[in-house]
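Heads up: the structure comes next, in structure tokens.
In my numbering, the protein residues as written are 621 to 747.
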């Protein structure tokens, strides 16, 4: 991969970007001019490598949980009507989808919310 340079350089650059607040700023730019007529909410599982759960702070601080597929993390995302990201949240793979949904869509004033059955609307809207 001559286009990207040595792997050490790529790793160091990615690692510094991941630790900086840059990604939050990029997401804020997208969310600032969001088309909130309709928002869409969904999540996706990411398998965790078997050696990844021994990091500092343990599984809880790393959003790693055990689900049917083994050790997983779940990425929950809200996008606007144009598909632009508005909010993103990580949870452990064993956390129910309804739990982060309240935080993700709570302050958004959307006319319509599109989500699958995993996001039980009755649970979200009940006091």
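By construction, the Cβ of each residue, glycine as well, lies at the ideal position given by its N, Cα and C atoms.
Just so it is clear, the structure is predicted and the values come from calculations on it, not from any experiment.
Per-residue burial, residue 707 [other beta carbons within 10 Å of its own, 16 or more giving buried]: Against the chain shown, residue 707 aligns to sequence position 87. Buried, because 16 or more other Cβ atoms sit within 10 Å of the Cβ of residue 707.
Distance between beta carbons of residue 735 and residue 661, contact taken as under 8 Å: Here the question's residue 661 lines up with position 41 in the chain shown. Here the question's residue 735 lines up with position 115 in the chain shown. Indeed they touch by this definition, with Cβ atoms about 4 Å apart.
Cut-off 7 Å between Cβ atoms - residues of its own chain near residue 640, not counting five sequence neighbours on either side: Mapped onto the chain shown, residue 640 falls at position 20. Counting only Cβ-Cβ distances below 7 Å, and skipping sequence neighbours, we find nothing.
Residue burial classification, residue 698 (beta-carbon count within 10 angstroms, cutoff 16): Residue mapping note: residue 698 aligns to position 78 of the chain shown, counting from 1. Using a 10 angstroms sphere on the CB of residue 698, the tally of other CB atoms reaches 16 or more, which defines it as buried.
Segment contact, 8 Å Cβ cut-off, at least three pairs: the region 635 to 655 with the region 718 to 726: With a cut-off of 8 Å, the region 718 to 726 and the region 635 to 655 do not count as touching, because too few Cβ pairs lie within range.
Residue burial classification, residue 702 (beta-carbon count within 10 angstroms, cutoff 16): Translated into the one-based positions of the chain shown, residue 702 becomes position 82. Under this definition residue 702 is an exposed residue.
Status (buried if at least 16 other CB within 10 Å, exposed otherwise) for residue 668: Locating residue 668 in the chain shown gives position 48, counting from the first residue. So residue 668 ends up on the buried side.
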